[in-house]
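Colleague: Its first residue numbered 1, the sequence shown is counted upward by one per residue in full-length UniProt numbering.
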Amino acid sequence: MKLLCTDLDRTLLPNGDESESPAARPVLWHLLQSHAVALAYVSGRDLARILKSVQQYELQKPDVIVADVGTSVYVRDGEGWLLQEAWQLQIADDWNGLDSEDMRELLASFNELEDQEADRQTRFKRSYYLPRELDTENLKLRLEELLAGQGIKASLVFSDDPQKNVQLLDVLPLHATKVDAIRHVQKLLEVDNEQTLFSGDSGNDVTALASEIPSVTVRNADLPTREAVRRLAALNATEASSYQAEGALSLAGGRALNGNYAAGIVEGLVHFNSAWSELLDSEAWVAKALELYALQGEAGSLQA
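1) Per DSSP, what are the beta-bridge partners of LYS125 in this structure?
2) Count the other CB atoms, across all protein chains shown, that sit within 10 Å of the CB of GLU267; report buried if there are 16 or more and exposed otherwise.
3) If you check the beta carbons only, do SER202 and ASP170 fall under 8 Å apart?
4) On the DSSP letters alone, give me the boundaries of the alpha helix (DSSP H) that TRP81 sits inside.
5) Using the rule of at least 16 other Cβ atoms within 10 Å of the residue's Cβ for burial, across every protein chain shown, is ASP135 buried or exposed?
6) Which residues in the same chain as ALA24 place their Cβ atom closer than 7 Å to its Cβ, once the five residues preceding and following it in sequence are excluded?
7) Tell me whether LEU134, by its Cβ, gets closer than 7 Å to a heavy atom of the ligand HEM.
8) Are the Cβ atoms of residue 306 and GLY44 separated by less than 8 Å?
9) Can you look up ALA263 in the DSSP assignment and give me helix, strand or coil?
10) On the three-state DSSP scale, how would you describe PRO173?
11) By the DSSP assignment, the beta strand (DSSP E) with ALA40 in it spans what residues?
12) Under a three-way DSSP split, which group does SER282 fall into?
13) Expressed to the nearest angstrom, what Euclidean distance is found between the alpha-carbon atoms of SER72 and GLN84?
14) Which residue comes first and which comes last in the beta strand (DSSP E) that contains ASP160?
15) For GLY149, which three-state DSSP category applies?
16) Give me the residue from ASP7, LEU39, ASP9 and SER19 with the minimum Cα distance to MET1.
17) Would you say ALA210 and LEU232 are within 8 Å of each other, going by their C-beta atoms?
18) DSSP on GLN167, reduced to helix/strand/coil?
19) DSSP beta-bridge partners for residue 307?
20) Identify which residue in ASP281, ARG123, LEU174 and GLU114 has its Cα closest to the Cα of THR207.
21) Would you kindly work out how many angstroms separate the C-alpha atoms of SER34 and SER274, rounded to a whole number?
22) From the DSSP output, in three-state form, read off GLY253 for me.
23) Residues in the same chain with beta-carbon distance under 6 Å from LEU153, minus the five sequence neighbours each way, listed in chain order, please.
24) Straight-line CA distance for LEU156 to GLN150?
25) If you check the beta carbons only, do VAL42 and ALA181 fall under 8 Å apart?
26) Please classify SER277: is it buried, with 16 or more other beta-carbons within 10 angstroms of its beta-carbon, or exposed?
27) Quick check on ALA237 - is its C-beta less than 8 Å from some C-beta in chain D?
28) Return the residue from the list LEU98, ALA240 and LEU113 that minimises the CA-CA distance to LEU143.
29) If we count the other Cβ atoms within 10 Å of its Cβ and call it buried at 16 or more, is GLY80 buried or exposed?
30) Which residues mark the beginning and the end of the alpha helix (DSSP H) in which LEU32 is found?
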């Protein structure tokens, strides 16, 4: 394993309703360091909000950031971040010369769509809030009909925000999804599928979680998401590469990993790299992980 690509909210970040195993993040960081695994954060957040979460949760600094649900890719450049213009050019063709503001005007007649905040919109991502009870299948068909009539190749990504009690919709270029962006990162770092793991938990992760890229759905993912991943993996014949965390791991000294958040990512890494479990059985290795990557301040208080 040479590359870990992970979603942030409720996947790596323990900001859902379920508890986080206290040793999970230290063990994850030590596993990545021990095996020289590159790290990419793949999120619906923009770059500024991703960097804020890195500081707030004391995350390791990644090598690559995929922001805005796959529409922006940044590579670490010293202490800064370099936008991959080649990726922007690659996905621009799908929207037939339009940008996010053009998309807003085009979809203005859909009364169900409520614009998300201005800082959630980017050049190739138009984001909306939807009522929790809305029939998204009907809306999806109507949107697809209008967009196809304009010669626009778009991806409609629906997900949930349980904290705001709404559904979310991201309108993206067809080839700007998380899974397409991960493939772009693989090319940048010259790694193949067998050397990659993706971890996620929600609706905008489903396509990647059911792809040919090895993946883990963390245990705290809701049941509809877990079932959607299973169905799509069966349709794609990718069940072997799509793992769902169960909370089945334990560490030397009797510490349990519950499969939520980082514990689920660790479980996925070990599932696809069985020899790595030997490290988890080593009291000295686990003690070193807890010493090197002990969480402090707010990040530590967020643990269960």
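Just so you know, even glycine gets a beta-carbon here, dropped at the ideal spot from N, CA and C.
Modeller: Result, derived from the coordinates:
1) As a working mapping, residue 125 is identified with position 125 in the sequence shown. Answer is THR122, bridged to LYS125.
2) The residue you call residue 267 lines up with position 267 of the sequence shown. Classification for GLU267: buried.
3) Here residue 202 refers to the residue found at position 202 of the sequence shown. Here residue 170 refers to the residue found at position 170 of the sequence shown. For SER202 and ASP170, no; Cβs fall outside 8 Å.
4) The residue given as residue 81 occupies position 81 in the sequence shown. Taken as a continuous stretch (DSSP letters only), TRP81 belongs to no alpha helix (DSSP H), being part of the beta strand (DSSP E) at 80–83.
5) Indexing the sequence shown from 1 puts residue 135 at position 135. Exposed is the call here.
6) Position 24 of the sequence shown, counted from the first residue, corresponds to residue 24. Here the set comprises LEU257, TYR261, ALA262, ALA263 and VAL266.
7) The ligand HEM is not part of this structure, which contains no ligands at all.
8) In the structure displayed, the chain extends from 1 to 304; residue 306 sits before or after that span and is not available.
9) Reading the sequence shown from its first residue, position 263 is the one you call residue 263. Looking at ALA263 - three-state DSSP - the assignment turns out to be helix.
10) Taking the sequence shown and counting its residues from 1, the one referred to as residue 173 is at position 173. Looking at PRO173 - three-state DSSP - the assignment turns out to be strand.
11) As a position in the sequence shown, residue 40 is number 40, starting the count at 1. Unbroken beta strand (DSSP E) run through ALA40: 38–42.
12) Within the sequence shown, the letter at position 282 stands for residue 282. SER282 falls in the coil class under three-state DSSP.
13) Looking up residue 72 in the sequence shown gives position 72. Looking up residue 84 in the sequence shown gives position 84. Answer to the nearest angstrom: the Cα atoms are 7 Å apart.
14) Taking the first residue of the sequence shown as 1, we reach residue 160 at position 160. Residues 154–161.
15) By 1-based counting over the sequence shown, the position of residue 149 is 149. Residue state, collapsed to three classes: helix.
16) One-based indexing of the sequence shown puts residue 1 at position 1. Closest by alpha carbon: LEU39.
17) Working through the sequence shown from its first residue, we reach residue 210 at position 210. Working through the sequence shown from its first residue, we reach residue 232 at position 232. Closer than 8 Å, so yes.
18) Stepping through the sequence shown from its first residue, residue 167 is reached at position 167. If DSSP states are grouped into helix, strand and coil, GLN167 belongs with the strands.
19) No information on residue 307 is available, as it lies outside the stretch 1 to 304 that the chain covers here.
20) Looking up residue 207 in the sequence shown gives position 207. Checking every option, the nearest Cα to that of THR207 belongs to LEU174.
21) As a first step, residue 34 is located in the sequence shown; it is residue number 34 there, counting from the start. As a first step, residue 274 is located in the sequence shown; it is residue number 274 there, counting from the start. Using only the alpha carbons, I get a separation of about 15 Å.
22) On the sequence shown, position 253 is the one that residue 253 refers to. Residue state, collapsed to three classes: coil.
23) As a working note, residue 153 is residue 153 in the sequence shown. One detail in the question is off: residue 153 reads as Lys in this sequence, not Leu. Closer than 6 Å at the Cβ level, and outside the excluded window around LYS153, lie ASP94 and LEU174.
24) By one-based count along the sequence shown, residue 156 stands at place 156. By one-based count along the sequence shown, residue 150 stands at place 150. Spanning the two alpha carbons is a distance of roughly 15 Å.
25) For the purposes of this step, residue 42 is identified with residue 42 of the sequence shown, where counting begins at 1. For the purposes of this step, residue 181 is identified with residue 181 of the sequence shown, where counting begins at 1. The answer is yes: Cβ separation under 8 Å.
26) Position 277 of the sequence shown, counted from the start, is the residue given in the question as residue 277. SER277 comes out exposed.
27) Among the chains of the structure shown, chain D does not appear; only one protein chain is present.
28) On the sequence shown, position 143 is the one that residue 143 refers to. When each option's Cα is compared against that of LEU143, the closest is LEU113.
29) Start at 1 with the first residue of the sequence shown, and residue 80 comes out as number 80. With fewer than 16 other Cβ atoms within 10 Å, it is exposed.
30) In the sequence shown, the residue the question calls residue 32 occupies position 32. First-last of the alpha helix (DSSP H) with LEU32: 24–34.
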